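Asks: Take a look at this one; I'll ask things after.
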Amino acid sequence: AQSVTQLGSHVSVSEGALVLLRCNYSSSVPPYLFWYVQYPNQGLQLLLKYTSAATLVKGINGFEAEFKKSETSFHLTKPSAHMSDAAEYFCAVSRTGTASKLTFGTGTRLQVTL
Amino acid sequence: SAVISQKPSRDICQRGTSLTIQCQVDSQVTMMFWYRQQPGQSLTLIATANQGSEATYESGFVIDKFPISRPNLTFSTLTVSNMSPEDSSIYLCSVEVQGSDTEAFFGQGTRLTVV
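Sequence lines, in order, name chains A and B.
Counting in this note's numbering, the first sequence tops out at residue 491, every number present.
Counting in this note's numbering, the second sequence tops out at residue 116, every number present.
Following this line, the structure appears as structure tokens:
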């Protein structure tokens, strides 16, 4: 079975500081991994995805994530936080090798302070 | 990509009643899904809406409680039946677009409060 664990339900960073949101996965097969962002009162938007190609994945809004098989991790980073990055971030793994049937982590709420 | 419209965007319902949520996609899609996001929690897959056949439910979800229809490739409904306060959640429709099978698109969700 596939699952993801997000460490830290709340993360607070200063504007301009590094953003690091942690995600570890468990999968019996090569995983397809995703990061989604949810702004208040909105649906989910895909930030980036790993589908067994390059291990360093670049997404929208300056975010990137690195797939590390040895550490079973897929942490999300951004070099410099912006106030507009404040949102809920979800890591997800696919059970099917596509975008179908995603299993989501518990989410990390990112707060950005001045 | 796909643009997904969900209706209603929010509702407050009395316990014991039922609410039907609609999901309309602007293009034909192969796969449609319904998720639930309980307050302060992550998303949980309820079921896969299959066109022309019965929905496929995940463990812990049953058809009597969450009947789903999918009459065509662009539309689906989820009904939350005999509601209780524990059903208060955000319900989200999701689609997988043909030719883009490594991305799922989500609607904005329906925020349901049961009183």
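For every residue, glycine included, the Cβ atom is placed at its ideal position computed from N, Cα and C.
These numbers come from a predicted model, not from an experiment.
Quick check: is the beta carbon of Ala476/A nearer than 8 Å to any beta carbon in chain B?
Replies: By this cut-off, Ala476/A is an interface position.
Asks: Alpha carbon to alpha carbon, how far is Glu408/A from Gly474/A?
Replies: Per the sequence shown, residue 408/A should be read as Pro rather than Glu. Using only the alpha carbons, I get a separation of about 7 Å.
Asks: If you check the beta carbons only, do Gln379/A and Arg472/A fall under 8 Å apart?
Replies: Contact: yes.
Asks: Which same chain residues end up closer than 8 Å to Lys435/A when comparing Cβ atoms and leaving out the 5 residues on each side of it in sequence?
Replies: Once the five neighbours on either side are set aside, the close Cβ partners of Lys435/A are Leu425 and Glu441.
Asks: Drop a sphere of 10 angstroms on the beta-carbon of Gln42/B, count the other beta-carbons inside from all chains shown, and report buried for 16 or more, exposed for fewer.
Replies: Exposed, because fewer than 16 other Cβ atoms sit within 10 Å of the Cβ of Gln42/B.
Asks: Nearest CA to the CA of Val396/A: which residue from Ala463/A, Ser447/A and Asn418/A?
Replies: Nearest of Ala463/A, Ser447/A and Asn418/A to Val396/A, Cα basis: Ala463/A.
Asks: Are Phe451/A and Cys400/A touching if we call contact CB-CB under 8 Å?
Replies: Their beta carbons are under 8 Å apart, which means Phe451/A touches Cys400/A by this criterion.
Asks: Could you please give the first and the last residue of the uninterrupted beta strand (DSSP E) stretch that includes Asp12/B?
Replies: First-last of the beta strand (DSSP E) with Asp12/B: Arg11 to Cys14.
Asks: Excluding sequence positions up to five away, which residues of its chain have a Cβ less than 7 Å from the Cβ of Ser70/B?
Replies: So the list reads Ser77 and Thr78, once near-sequence residues are dropped.
Asks: Run through chain B and tell me which residues come within less than 7 Å of Gln488/A, C-beta to C-beta.
Replies: Under the 7 Å cutoff, chain B gives no residues; its nearest Cβ is about 16 Å from Gln488/A.
Asks: Tell me the rounded alpha-carbon separation between Arg112/B and Ile13/B.
Replies: Cα to Cα, the separation comes out at about 8 Å.
Asks: Looking at chain B, is there any beta carbon in it that lies within less than 8 Å of the beta carbon of Phe481/A?
Replies: Yes, because at least one Cβ of chain B sits closer than 8 Å to the Cβ of Phe481/A.
Asks: Could you pull out every residue in the same chain whose Cβ sits closer than 7 Å to the Cβ of Ser404/A, ignoring the five residues on either side in sequence?
Replies: Result list for Ser404/A: Gln379 and Val470, in chain order.
Asks: Can you grab the Cα-Cα spacing for the pair Leu93/B / Leu421/A, in whole Å?
Replies: The alpha-carbon atoms of Leu93/B and Leu421/A are separated by roughly 9 Å.
Asks: Gly108/B versus chain A: which residues are under 8 Å apart at the beta carbon?
Replies: Under the 8 Å cutoff, chain A gives Gly420.
Asks: For the region 69-91 of chain B, list every residue whose C-beta sits within 8 Å of some C-beta in chain A, in sequence order.
Replies: Correct list: empty, as no residue qualifies.
Asks: If we count the other Cβ atoms within 10 Å of its Cβ and call it buried at 16 or more, is Met460/A buried or exposed?
Replies: Label assigned to Met460/A: exposed.
Asks: Going by CA-CA distance only, name the one from Pro456/A, Leu433/A and Lys446/A that's closest to Gly393/A.
Replies: Of the listed residues, the one whose Cα sits closest to Gly393/A is Pro456/A.
Asks: The beta strand (DSSP E) with Arg112/B in it runs from where to where?
Replies: Looking at the DSSP string, the run of the beta strand (DSSP E) that includes Arg112/B is Thr111 to Val115.
Asks: DSSP state of Met84/B, grouped into three classes?
Replies: Looking at Met84/B - three-state DSSP - the assignment turns out to be coil, as it is neither helix nor strand.
Asks: For the beta strand (DSSP E) that Glu443/A lies in, which residues bound it at each end?
Replies: Note, Glu443/A: beta strand (DSSP E), Glu441 to Lys445.
Asks: Pull up the distance between the alpha-carbon of His387/A and that of Asn438/A, whole angstroms please.
Replies: Those two C-alpha atoms are separated by around 20 Å.
Asks: Can you list, in chain order, the residues of its chain whose CB lies under 6 Å from that of Ser28/B, leaving out five sequence neighbours each side?
Replies: Excluding residues within five positions, the ones whose Cβ falls inside 6 Å are Ala3.
Asks: Tell me whether Lys446/A is buried or exposed, calling it buried when 16 or more other Cβ atoms sit within 10 Å of its Cβ.
Replies: Under this definition Lys446/A is an exposed residue.
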